[in-house]
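Quick note, the sequences are listed as chains A and B, same order. For the first sequence, position 91 matches number 90 in numbering that gives the first Met the number 0, and the numbering has no gaps at all. For the second sequence, position 126 matches number 125 in numbering that gives the first Met the number 0, and the numbering has no gaps at all. These notes concern the structure reproduced below.
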Amino acid sequence: MLNNFCFWFAALVALGASVLAVSRRNAVHGLLWLVLSLLAVAVLFFMLGAPFAAALEVIVYAGAIMVLFLFAVMMLHLGPAAQRQEAQWLAPGVWIAPGLLALGLAADLIAIARLAGDAPAGAGIIPPEAVGAALFGPYVIGVELASVLLLAGVVAAYHLGQRRDRSLGEGAGSG
Amino acid sequence: MSIHTIGVIIKDWLIGLLAGWGVPVELSRLLIEVLTWAVGAALCIIAIMLAALVFIYLERKVSGYIQSRLGPTRCGPVGILQSFVDVIKLLLKEDIVPAEADRVLHTIGPILFLAVSALAYVVVPWDEGGTVAGKVDAGVGVLFMAAVGSMGLIGIVVGGWGSNNKWSLLGAIRGAAQMVSYEIPMLLALMCVVLQAETLSLAGIVEDQKGSIIAWNFLRPWMWLPVVLFLISGVAEINRTPFDIPEAESELVSGFHTEYTGMKFALFFLAEYGNLLLVALIFSVLFLGGWLSPFGYPDPLRLPGIIWLLAKSLLIVLIVMWVRWTLPRLRVDQLMGLAWKLMIPAGFVALGVMCAVIMLGWA
Chain A
0 MLNNFCFWFA ALVALGASVL AVSRRNAVHG LLWLVLSLLA VAVLFFMLGA
50 PFAAALEVIV YAGAIMVLFL FAVMMLHLGP AAQRQEAQWL APGVWIAPGL
100 LALGLAADLI AIARLAGDAP AGAGIIPPEA VGAALFGPYV IGVELASVLL
150 LAGVVAAYHL GQRRDRSLGE GAGSG
Chain B
0 MSIHTIGVII KDWLIGLLAG WGVPVELSRL LIEVLTWAVG AALCIIAIML
50 AALVFIYLER KVSGYIQSRL GPTRCGPVGI LQSFVDVIKL LLKEDIVPAE
100 ADRVLHTIGP ILFLAVSALA YVVVPWDEGG TVAGKVDAGV GVLFMAAVGS
150 MGLIGIVVGG WGSNNKWSLL GAIRGAAQMV SYEIPMLLAL MCVVLQAETL
200 SLAGIVEDQK GSIIAWNFLR PWMWLPVVLF LISGVAEINR TPFDIPEAES
250 ELVSGFHTEY TGMKFALFFL AEYGNLLLVA LIFSVLFLGG WLSPFGYPDP
300 LRLPGIIWLL AKSLLIVLIV MWVRWTLPRL RVDQLMGLAW KLMIPAGFVA
350 LGVMCAVIML GWA
């Protein structure tokens with residue numbers, strides 16, 4: 000009973016926060032609602048018996064990626080003018096097409112849930128050890144590919160950082 | 000008698016009491032579970048408040064002795080009531096919100112910061128079987144702590160941006176950059192301990208060090224690098240000097256909490272001292288055997304484990320204070336350079352050494 004209550008509560012929070020994240024005119028407020036939505040999804044993962052996925056959701060998405068977004072948005076420090084522009088972009092007509100698409104997806108989901116019948120949501124609690132064994136057993140190629148992707152990101156970041164340093168040096172020299 | 004057995008006795012007594020009133024067993028079990036959570040949460044907050052009261056006094060006295068001053072002497076014998084007087088002052092102060100600030104975010108910032116700090120306390124093993132959220136800890140204790148720890152800076156960022164002040168914003172941005180950077184060496188050091196103990200549970204990490212002081216992690220040579228990394232990145236995570244550039248008063252007024260007064264300011268302060276105790280507790284759990292007595296298990300002195308844990312944590316807190324009043328503040332570029340150029344590579348070296356130790360079968 001308590002589990003069910005937690006599940007429905009977290010699901011409601013996730014839905015409401017997502018709607019608010021999309022509809023806010025202030026970018027920082029929208030991002031903070033998105034953080035709340037990600038936290039609620041982490042609770043859902045936890046309730047479904049995937050504590051490792053829940054922890055990663057918080058550490059990686061809510062804790063690192065969203066903070067970087069917040070960082071960028073705050074640095075820009077958008078004023079009231081940006082909010083007015085956002086209000087123009089979010090005119091009622093804009094909502095129709097994405098709303099229809101989302102409705103279609105929701106209908107899809109409900110149909111699938113209906114067809115599948117009363118299947119259990121999760122196969123018991125999956126401990127982090129099992130996730131690790133699966134990642135470095137059958138899925139090791141995926142892990143290696145992901146690390147290559149990250150390496151590309153690191154190299155690119157190093158390249159960008161270098162170029163900025165050089166231009167800074169020139170500026171300081173001429174000034 | 001350990002905390003765990005006391006808890007079980009109280010639970011059984013409550014179930015008996017409720018059954019006597021004609022409440023169904025199922026419902027009373029549910030009620031007691033909710034009640035246990037509420038009591039646990041309250042205990043975590045009380046722990047933070049007590050820690051702040053004691054540490055503020057301690058910090059003033061320690062800094063006084065280090066700088067050849069007396070520290071507080073006026074309120075009560077040797078100034079021991081100073082913290083209480085400070086609390087009253089903060090409670091009575093007017094709560095000011097800047098006119099151009101984002102009212103809601105300005106209020107939420109300090110609350111979030113304190114809530115996150117308190118949340119991490121639920122996985123601390125105070126005694127044998129004495130963890131508030133024992134089930135969470137048994138599965139993913141270390142991960143939970145890391146996840147909660149990474150949420151702390153949201154409070155700083157929200158408060159700093161919501162104040163609508165350049166110093167606050169700069170402080171918040173510095174804080175975010177610093178906390179994201181130092182989280183990496185901290186987690187790498189943590190991973191070495193997890194590999195050593197072969198469990199993600201903090202209680203399990205203490206169990207792994209069972210025995211006298213010789214069995215504790217800090218005496219294993221391959222743990223020396225993680226010990227240093229964890230202590231340095233721990234101090235950086237809680238924004239204390241020499242890593243306090245998010246609130247550097249010589250350049251940023253007082254950083255992300257410039258625009259805060261009264262109780263909201265007090266919440267930031269509470270959370271900072273709560274985090275100080277938390278880092279000391281986690282350090283003791285990871286490397287100093289947590290609630291274990293240095294004379295072997297079971298404890299020949301028969302002291303409760305929580306006393307040993309608090310004694311070890313107090314030692315760490317004193318070391319961190321000593322560092323604060325001895326070293327000057329780092330520059331921003333030095334701070335980031337230290338994290339990315341020195342501590343993260345050192346963290347990978349420590350992890351590699353740990354793996355080699357395990358493969359050679361020395362662990």
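All C-beta atoms, glycine included, are put in the ideal place defined by N, C-alpha and C. Predicted model, so just to flag it, every value in this text is computed and none were measured.
Arginine 24/A has its alpha-carbon roughly 6 Å from the corresponding atom of alanine 86/A. Judged by DSSP in its simplified three-state form, glutamine 66/B adopts coil rather than helix or strand. Sorting Asp94/B, Ile44/B, Ile95/B, Leu142/B by C-alpha distance to the C-alpha of proline 50/A places Leu142/B at the top. Here the stretch 253-272 of chain B lies against the stretch 92-101 of chain B, with 3 or more beta-carbon pairs under 8 Å apart. When DSSP states are grouped into helix, strand and coil, cysteine 191/B belongs to the helix group.
With 16 or more other Cβ atoms from the protein chains shown falling within 10 Å of its own Cβ, proline 184/B counts as buried.
Within the model, the alpha-carbon separation for leucine 118/B versus leucine 168/B is close to 25 Å. Neighbours of alanine 63/A in chain B, taken as residues at a C-beta separation under 7 Å, are given in chain order as Ser149, Val179. Only those residues of the stretch 36-59 of chain A whose C-beta falls short of 7 Å from the nearest C-beta of chain B are listed: Pro50, Phe51, Ala54, Val57, Ile58. Contact annotation: leucine 187/B and leucine 350/B have beta-carbon atoms nearer than 7 Å. Under the three-state reduction of DSSP output, valine 252/B falls in the coil class, being neither helix nor strand. For tryptophan 20/B and valine 7/B, the gap between their C-alpha atoms comes out near 20 Å. The Cβ-Cβ distance between valine 147/B and alanine 171/B does not fall below 7 Å. In this structure, Val27/A is the residue among Phe4/A, Met74/A, Val27/A, Ala10/A with its C-alpha nearest to the C-alpha of histidine 105/B.
Proximity to leucine 280/B across Glu25/B, Ser27/B, Lys10/B, Ala46/B peaks at Ala46/B, based on C-alpha coordinates. Note on glycine 289/B: 16 or more other CB atoms within 10 angstroms of its CB, so buried under the neighbour-count rule. The continuous stretches of alpha helix (DSSP H) do not include cysteine 74/B, and DSSP gives it neither H nor E. Per DSSP, reduced to three states, the secondary structure at glutamate 127/B is coil, with no helix or strand assignment. The shortest C-alpha to C-alpha distance from glycine 159/B to any of Glu258/B, Leu91/B, Val123/B is the one to Glu258/B. For isoleucine 305/B, same chain residues with a beta-carbon under 8 Å away, outside a window of 5 residues either side, are Ile2, Trp125, Asp126, Gly129, Trp290 in chain order. When the Cα atoms are used, proline 299/B and leucine 308/B turn out to be separated by approximately 16 Å. In the DSSP annotation of this structure, the continuous segment of the alpha helix (DSSP H) that includes glutamate 85/A starts and ends at 79-88.
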